[in-house]
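Convert by adding 56 to the 1-based position in the sequence shown; the result is the number in the working numbering.
All C-beta atoms in this analysis are idealised placements derived from N, C-alpha and C, irrespective of residue type, glycine included.
Fair warning: this is a prediction, and the values are worked out from it, not measured in the lab.
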Amino acid sequence: MMTLIEWLRPWEPSAPVFIACVLAIGLYAAGMMRGARPGFWAALAFCLGVGLIYGVTQTHYDYYSQYLFSAHRLQHLALHHLGPFLIALSMPSAVLAAGLPSGVRQLPARNGLVGFFKLLRGVYRVIQQPVIAAVLFVGLIYFWLTPSIHFDAMLSIDRYWLMNWTMALDGLLFWWLMFERGDQGATPRLTPGQRILILALIMPPQIALGAYITFSGQNLFDIYAVCGRAFPIDPMLDQQIGGLITWIPASMMSVVAALVILAFRLEKSNEQA
57 MMTLIEWLRP WEPSAPVFIA CVLAIGLYAA GMMRGARPGF WAALAFCLGV GLIYGVTQTH
117 YDYYSQYLFS AHRLQHLALH HLGPFLIALS MPSAVLAAGL PSGVRQLPAR NGLVGFFKLL
177 RGVYRVIQQP VIAAVLFVGL IYFWLTPSIH FDAMLSIDRY WLMNWTMALD GLLFWWLMFE
237 RGDQGATPRL TPGQRILILA LIMPPQIALG AYITFSGQNL FDIYAVCGRA FPIDPMLDQQ
297 IGGLITWIPA SMMSVVAALV ILAFRLEKSN EQA
């Protein structure tokens with residue numbers, strides 16, 4: 057029986073992931089100590105989101121993600137959907153900014169760096185255009201689940217972490233675009249209707265991919281047979297469970313997000329009344 061300490065020990069330690077998660081929580085805590093007041097639920101959502109990303113990559117769960125297709129799909133559900141969803145929902149930018157040292161906050165205004173940050177802002181605005189953001193969000197799921205690409209990614213530790221990083225970062229970008237509601241900044245400001253339309257449009261491709269994996273009559277991801285599965289589970293059953301995870305929970309996140317956006321709109325209308 058695995059102890060809690062053994063379960064919490066990383067299967068494949070990644071210093072960048074560890075540093076990113078610790079830095080995020082540390083900056084958030086520093087921001088709160090400097091007077092930022094995000095509220096209990098916002099702080100909880102942020103910590104849960106970061107915790108989910110850490111939990112599926114820097115604990116023993118990562119072992120199952122590498123040797124079980126269904127566990128892998130749960131990992132990416134957390135990395136691409138649920139974790140970034142919770143982080144973006146908490147709207148942490150003001151709290152994180154308050155936690156930064158003053159010297160870091162002033163970097164964009166320094167003469168030698170103005171051009172760099174202007175370029176960075178321009179690139180960010182391009183990839184956050186609604187059509188591009190939606191295509192990237194769905195396209196990355198299809199890309200990494202292309203059987204030949206998935207096979208190579210699961211065999212190479214570098215490609216494996218590239219896959220996980222791209223999923224997490226793209227999830228953060230997409231859900232940030234959906235939930236952005238602060239002062240006008242670099243993120244394009246969309247109407248509630250535009251956001252809900254995007255959420256509706258990304259559902260069918262995810263449903264189609266999940267259904268294809270679920271009902272496929274052949275083993276699409278034989279990498280798990282080559283390397284061995286974490287549990288003695290039938291390969292087709294493992295694939296079907298993974299397909300259902302890709303199909304139902306991932307698609308339902310769009311419905312939940314649409315309800316959240318409508319709630320924000322209703323709250324704003326009540327404040328203006």
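Tell me which same chain residues have a C-beta within less than 8 angstroms of the C-beta of residue i, skipping the five on either side of it?
i, result
"valine 170", "Pro164"
"aspartate 294", "Leu124, Phe125, Ser126, Tyr280 and Arg285"
"arginine 65", "Thr115 and His116"
"isoleucine 304", "Gly266"
"glutamate 62", "His116"
"serine 307", "Met259, Gln262, Ile263 and Gly266"
"isoleucine 81", "Cys103 and Val106"
Compute the beta-carbon to beta-carbon distance between residue i and residue j, rounded to the nearest angstrom, for a pair I have assumed lies under 8 angstroms.
i, j, result
"asparagine 220", "leucine 135", "6 angstroms"
"tyrosine 198", "alanine 209", "At roughly 13 angstroms, the Cβ-Cβ gap does not stay under 8 angstroms, so tyrosine 198 and alanine 209 are not in contact."
"isoleucine 269", "threonine 302", "6 angstroms"
"valine 151", "proline 94", "5 angstroms"
"isoleucine 205", "isoleucine 252", "Not a contact, Cβ separation roughly 31 angstroms."
"arginine 321", "proline 248", "5 angstroms"
Anyone know if the C-beta pair for residue i and residue j falls short of 8 angstroms?
i, j, result
"leucine 233", "glutamine 184", "yes"
"phenylalanine 207", "proline 148", "no"
"phenylalanine 235", "leucine 142", "no"
"threonine 222", "leucine 196", "yes"
"arginine 237", "alanine 154", "no"
"phenylalanine 348", "proline 203", "This structure leaves residue 348 out entirely; the chain is present only between 57 and 329."
"glycine 105", "proline 140", "yes"
"proline 157", "leucine 246", "no"
"isoleucine 75", "alanine 224", "no"
Buried or exposed for residue i, please, with buried defined as at least 16 other CB atoms from any protein chain shown within 10 angstroms of its CB.
i, result
"arginine 129", "buried"
"tyrosine 84", "buried"
"valine 342", "This structure cannot settle anything about residue 342, because the visible part of the chain is limited to 57 through 329."
"phenylalanine 366", "Lying outside 57 to 329, the shown extent of the chain, residue 366 is not represented and no answer is given."
"glutamine 131", "buried"
"glutamate 327", "exposed"
"threonine 59", "exposed"
"glutamine 4", "As displayed, the chain neither begins before 57 nor continues past 329, which places residue 4 out of reach and without an answer."
"serine 212", "exposed"
"leucine 315", "exposed"
"aspartate 47", "What is shown of the chain runs 57 to 329, which leaves residue 47 out entirely."
"serine 121", "buried"
"valine 78", "exposed"
"methionine 292", "exposed"
Looking only at its chain, what residues have a beta carbon closer than 6 angstroms to the beta carbon of residue i, apart from the 5 residues adjacent to it on each side?
i, result
"alanine 189", "Phe230 and Leu233"
"tryptophan 67", "His116, Asp118 and Tyr119"
What does a CB cutoff of less than 7 angstroms around residue i pick up in its chain, not counting 5 residues either side in sequence?
i, result
"phenylalanine 287", "Leu124"
"arginine 181", "Ala242 and Pro244"
"phenylalanine 193", "Asp226, Phe230 and Ile258"
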